[in-house]
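Below is one structure; the comments refer to it alone.
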Amino acid sequence: MTTAVASQYYETPTKKHGVFYHTNWSCYARNYQVKDLLISNMTDIVYAFFNIAADGTVSSGDTWADFQNPFIGNGVPPQNTWSSPSNDLGLFGQFQKLRKQGSNFNLALAIGGWTWSANFSTAMSSAASRQNIVTSLTNILKPWPELFNGICIDWEYLSDDGVNYGNAGNGVSVQDATNFIQFLKLIREEMKGFRIYLAVTAAPENIKMPVESIHPLVDEFHVMTYDFHSSSFGDTITGHQTNLRPSSYGTYSVEEAVSVWLGYGIPSSKIFIGAALYGRGFANTDGLGKSCSGISPDMSWEPGVVDYKSLPLPGAVELWDPVARAGYSFDSVKRVVNSYDTVESVKEKCQFVFDNDLGGIICWETSADFPYENPKSLIKTIHDNLTNGSSELSSDKVLVKPTAPGKVFSP
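When you number the sequence shown by this note's numbering, it's gap-free, plus one each residue, and the end is 412.
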């Protein structure tokens, strides 16, 4: 089997990375295109998502967006025409143009995600289906040599106790972790040069895998330290969805998640924390720490979720929680709180990465940010304070001690 050829891995001046998830559906109603990425200041992109079938076949869920759309008049220059070569078409072609123009960035292909994790368990269950995953990935990437250099496995969520912690209907098996380890060994052997990323939960009680056996086979653990709380999830007390430090208004924090993952012996440089380029809403509330219920009426594309670039919404006041080290906004008339990352909270996360020698920060997702030239851009904040220079908050360090498996985190 002819293998896919990975591009060179690009390091940052600080050896810390901002990893930005870019979705293939952003090119439609959101009208956010590859040309809108300031790629000169972005070293790491994760392309989301490709689907995985029960037999292990990995495939595009939107061949028009991925491989066929010429993006005439709305693409990376020089503009395509209907007769442009196939390798210039689709979003793959858009990134290929950037690569050919000399842009230095790391690009990973993500498979799965919240919606498409149903078949991971079955796809990992046999040697034949595991081989099919690798073969189909190779066949997808072979026509695009030196474009990608990473594979992101977004299995929400891998577990070894036979319990589904993800979307309703996901397949699960007590053999999932054992089978996944065999898959990791296979893909590392057959796709040499490609880095392997694993998206993982921030909830300590849902970490159900032999981490000690898995982490030597994975280059980056993308800890999804967002979506902690929202009244849309059934929470009845208004809190935060991506707070750095523990809060009395909720059960999770970035600090706790990192402590727990470190406790499994993962090298700190493999751990990436999350930043949210969107707000999660709390409805029918009188503010932080107060009761809440139902789904927020605020939305950009789905109920209760608002793009960061629209926040704070008219009528709301942006506020700061100095204990949780988290931003949020409150509209006292609509009685809605939106919890989201801000420039201040992301600067603190950047400093947290330096203080604890972590790998970097992952961001979901690119289309929701302010334009790069806007001082509120979180992509720019990460570039300025993490990947291209140190944050200025060194006098207020948050140093994390590992929490041993089975033990309770204590800040």
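We put the beta carbon where it would ideally sit given N, CA and C, even for glycine. Quantities reported herein were computed from a predicted structural model and do not represent experimental measurements.
| Query | Result |
| --- | --- |
| When V259, A369, G74 are compared against A203, the one with the closest alpha-carbon | V259 |
| C-alpha distance - P211 paired with A178, whole-angstrom precision | 7 Å |
| Contact check, G240 vs S248, beta carbons under 8 Å | yes |
| Cβ pair D228, R281 closer than 8 Å | yes |
| Reduced DSSP secondary structure (H/G/I, E/B, other) of Y309 | helix |
| S294 versus S231: straight-line alpha-carbon distance, rounded | 9 Å |
| Residue environment, N105, which counts as buried when at least 16 other CB atoms sit within 10 Å | exposed |
| Which listed residue (S84, L148, T58, G103) has its alpha carbon closest to that of R131 | T58 |
| Three-state secondary structure assigned by DSSP to T24 | strand |
| Contact between the region 360 to 378 and the region 308 to 324 (3+ Cβ pairs under 8 Å) | yes |
| Inter-residue spacing [alpha-carbon to alpha-carbon] between A277 and T243 | 7 Å |
| Contact check, N81 vs A119, beta carbons under 8 Å | no |
| W156 in three-state terms, based on DSSP | coil |
| Beta-carbon gap between L185 and V219 smaller than 8 Å | yes |
| CB contact flag (L90, I154, <8 Å) | no |
| Contacting residues, own chain, Cβ-Cβ under 6 Å from T286 (five flanking each side not counted) | T239, C293, R336, V338 |
| Identity of the residue in D63, W65, L99 nearest I46 by Cα | L99 |
| For G251 and I53, the rounded distance between their alpha carbons | 34 Å |
| Own chain residues within Cβ distance below 7 Å of D37, not counting five before or after | none |
| Other residues of its chain near I141: CB distance less than 7 Å, five sequence neighbours each side excluded | V59 |
| Assigned secondary structure, S292 (DSSP; H/G/I helix, E/B strand, else coil) | strand |
| CB-CB length for S340 against R326, believed under 8 Å | Rounded, the Cβ-Cβ distance is 13 Å, inconsistent with contact. |
| Beta-bridge pairing of V338 - partner residues as DSSP gives them | F283, F331 |
| Beta-carbon contacts of H384 that lie in its chain and below 6 Å, excluding the five residues immediately before and after | N42 |
| Cross-strand partners of G167 (DSSP beta bridge) | Partner(s): none; G167 has no beta bridge. |
| Three-state secondary structure (DSSP) of S60 | strand |
| Cβ shell of V77 (< 7 Å), same chain only, five flanking positions each side left out | V35, K36, Q95, K98, L99 |
| N165 versus Y158: straight-line alpha-carbon distance, rounded | 7 Å |
| Proximal residues to D67 (C-beta, below 7 Å), its chain only, five neighbours per side dropped | N25, S61, G91, L92, F93 |
| Exposed unless 16 or more other CB atoms sit within 10 angstroms - verdict on Y48 | buried |
| Contacting residues, own chain, Cβ-Cβ under 6 Å from Y11 (five flanking each side not counted) | T44, N105, N107 |
| Beta-carbon spacing of G361, L387 below 8 Å | yes |
| 6 Å CB neighbourhood of F149 in its chain, flanking five on each side removed | L108, L110, L142 |
| Beta-carbon proximity of G151 to F195, cut-off 8 Å | yes |
| Whole-angstrom distance between P71 and W65, CA atom to CA atom | 9 Å |
| With 16 other Cβ atoms within 10 Å as the buried cut-off, status of Q352 | buried |
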